[in-house]
Amino acid sequence: MKRFYQVLPLCFLLSCATYYQMNLAFNQDFESGNMEAAEKVLVQNPKAADSKEKFLYYLNRGTVAAMLNKPEESNIYFEKAFIYGEDYRTNYFNEAGAYLLNPTIIEYKGEDHEHLILLYYKALNYIKLGDREAALVECRRLNNRLAKLNDKYKSDSKYKRDAFIHNLMGLIYDADRDYNNAFIAYRNSYDIYKEDYSKMFGVKPPKQLKKDLLRTAYLMGFQTELMQYEDEFKMKFSPDKKEGGDLIFLWNNGLGPVKDEFSINFTVVHGKDGLITFVNKERGYNFSFYMDTNDEEDEKKTDLSDLEFYRVAIPKYNERKPIFSNATLSVGKSNFRLEEAEDINKIAIYSLNQRMGLELSKSLLRLAIKKTAEKQLREESEGWGAALGAFNAFTEKADTRNWQTIPHTIYYTRARLPVGVTNAKLSIKSGKELRQEHDFTFHVQNDQTIFHSFYSLESVPQSRLY
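Residues -20 to -1, 1 to 446, numbered by mature numbering (1 follows the signal peptide of the UniProt record, and there is no 0), are exactly what the sequence shown covers, in order.
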């Protein structure tokens, strides 16, 4: 018993640490832009590839390699992450164990948007390698993932369609001159922005998307659709007959949210036949469970009336607000404003909030099982029952794992470039204040579309994360 209480402080420290805090060295190197050091931290921890967080390990290896301009290596790890998602099977033994301890003992399977964004990275890597066909394969994979997501959720209030991913597919098909599939992807993207994103995330259809939708309708000879969208957008399409190519410039701004946890206190109301109701009047929460009671002795064992208050740990997201808020790409005398296409921060928070009822139910069922076991052990040994109670309290923990090297928001623009070598300048602002300028040189052939992605990792410091 003495030995048990000696290890409790260690259990407490581990239970308090979030996934971010347990990977602090890597996160600090990554956030500061020191990718070589961040990669070294990952390389020196090969056991992570066989851990319950292997999916996140693959994502981090892929992200860091991409930012070190190693697209082939990056895609090796993103492919491992993709296969993990395809092959993931629920381990029911571990699922049951999670109700006795906490959800961190289960392998992390990834959030829906994480499985989509990794394919966005893969497609961009293939484009950087000049392998357009492989990028189109990733488009088809994205389409399959989106179809599965749509089948998974029946409610229209769920995040189950991704406007940006459809837009990306359109851009890649467009670059490959597959204008029919590009038109379909652009149209799907526009519908999702209009019907889902504007309501759920406050993200409206980008003006560039509307232009691309009109252009591909024109190129396919879809006169009815062209006239319909011209009327809807209040835009008149006129073909650009100038010689030149296009640049698709993607700006990955900031860093996505970090999962943390918060606690909610509940009181217990006991009903007949083992009915236990957890109540939090302040938040209006009311959850009921039946604990198995076959006779009076069992009823006595599940009686928790002498334990009035209970704390449960629930996951939440902490936003890391980007330092920068807007950017403009200048090519000669032309300026192209980068438009918001995907707010990953809002998608992550919205998706978690949508399933908060399920998260609470799981946490309370876990608590009910723990407290019942504690009560039964107290009847046999007060000391061991108290020890189990302390252990349960120390190990009560939410799952704070998530992909933490993902962008906060993705912006993009399409810029027309003359044939040959062209200089461009990216001006990044925080509000109206110019904060950074970056110079680029691009080489484009006639009717060619090239892609370029740029990362800004700067975020407002959040002391709670540390």
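Built from N, CA and C at the ideal position, the CB exists for glycine as well. Just so it is clear, the structure is predicted and the values come from calculations on it, not from any experiment.
{"query": "Cβ-based neighbour list, LEU109, same chain, cut-off 6 Å, excluding 5 preceding and 5 following", "result": "PRO51"}
{"query": "Assigned exposure category for MET47 - 16 Cβ within 10 Å defines buried", "result": "buried"}
{"query": "Close-in-space but distant-in-sequence residues of the same chain around LYS138 (CB under 7 Å, 5 per side omitted)", "result": "GLN334"}
{"query": "Secondary structure of LEU437, DSSP reduced to three states", "result": "coil"}
{"query": "Residue 447, buried or exposed, once every other Cβ within 10 Å from all chains shown has been counted against 16", "result": "Examination of residue 447 is not possible in this model, given that the chain is present from -20 through 446 alone."}
{"query": "6 Å Cβ shell around PHE213 - same chain, five flanking residues per side excluded", "result": "LYS190"}
{"query": "Start-end ranges of the alpha helix (DSSP H) lying completely within the region 77 to 136, minimum 4 residues", "result": "92 to 108 and 112 to 132"}
{"query": "Distance between ASP226 and LYS187 (C-alpha atoms, nearest Å)", "result": "16 Å"}
{"query": "Nearest-angstrom beta carbon gap, GLY234 and PRO302 [assumed within contact, 8 Å]", "result": "3 Å"}
{"query": "Distance between beta carbons of LYS342 and PRO295, contact taken as under 8 Å", "result": "Not quite, the Cβ-Cβ distance comes to about 10 Å (not below 8 Å), so this is no contact."}
{"query": "Host beta strand (DSSP E) of LYS405 (start-end)", "result": "400 to 410"}
{"query": "Top-ranked residue by Cα proximity to GLU438, from SER331, THR393, ASP220 and ILE386", "result": "ILE386"}
{"query": "Three-state secondary structure assigned by DSSP to PRO219", "result": "coil"}
{"query": "Span of the beta strand (DSSP E) around TYR391", "result": "389 to 397"}
{"query": "Contact under 8 Å by Cβ, TYR209 with GLU319", "result": "no"}
{"query": "Selected residue, minimal CA-CA separation from LYS102, among ARG121, ASN130, LYS252 and GLU91", "result": "ARG121"}
{"query": "Assigned secondary structure, PHE62 (DSSP; H/G/I helix, E/B strand, else coil)", "result": "helix"}
{"query": "Length at least 4, wholly inside the region 24 to 52: the alpha helix (DSSP H) runs in chain order", "result": "34 to 47"}
{"query": "Touch test, the region 10 to 22 against the region 241 to 253, Cβ-Cβ under 8 Å, three pairs minimum", "result": "no"}
{"query": "Proximal residues to LYS89 (C-beta, below 6 Å), its chain only, five neighbours per side dropped", "result": "TYR68"}
{"query": "Residue range of the alpha helix (DSSP H) that includes LYS301", "result": "Here LYS301 belongs to no alpha helix (DSSP H), and DSSP marks it neither H nor E."}
{"query": "Option in THR389, ASN382, VAL440 and LEU332 with minimal Cα separation from TYR38", "result": "ASN382"}
{"query": "Of the listed residues ASN7, LEU126, THR308 and ALA29, nearest to HIS95 (C-alpha basis)", "result": "LEU126"}
{"query": "Three-way DSSP call (helix, strand, coil) for TYR330 in this model", "result": "helix"}
{"query": "Any beta strand (DSSP E) of 3 or more consecutive residues that is wholly inside the region 168 to 224", "result": "none"}
{"query": "Extent of the continuous alpha helix (DSSP H) run through TYR68", "result": "First-last for TYR68: undefined, no H or E at that position."}
{"query": "Contact belief for ARG394 with ILE228 at Cβ below 8 Å, rounded distance in angstroms", "result": "6 Å"}
{"query": "Meets three-Cβ-pair contact criterion under 8 Å: the region 309 to 316 and the region 405 to 421", "result": "yes"}
{"query": "Status (buried if at least 16 other CB within 10 Å, exposed otherwise) for ILE256", "result": "buried"}
{"query": "Host beta strand (DSSP E) of ILE256 (start-end)", "result": "255 to 260"}
{"query": "Close Cβ partners of LEU414 (< 7 Å) along its chain, the five nearest in sequence each way excluded", "result": "SER407"}
{"query": "Pairwise C-alpha distance: ASP220 and residue 508", "result": "Lying outside -20 to 446, the shown extent of the chain, residue 508 is not represented and no answer is given."}
{"query": "Cβ-based burial, VAL401 [other Cβ within 10 Å; buried from 16]", "result": "exposed"}
{"query": "C-alpha gap between residue 448 and ALA29, whole angstroms", "result": "The shown model of the chain, from -20 to 446, leaves out residue 448, and the question about it has no answer."}
{"query": "Short Cβ contact (8 Å threshold) for PHE6 with ALA18", "result": "yes"}
{"query": "As assigned by DSSP and simplified to three states, the class of ASP240", "result": "strand"}
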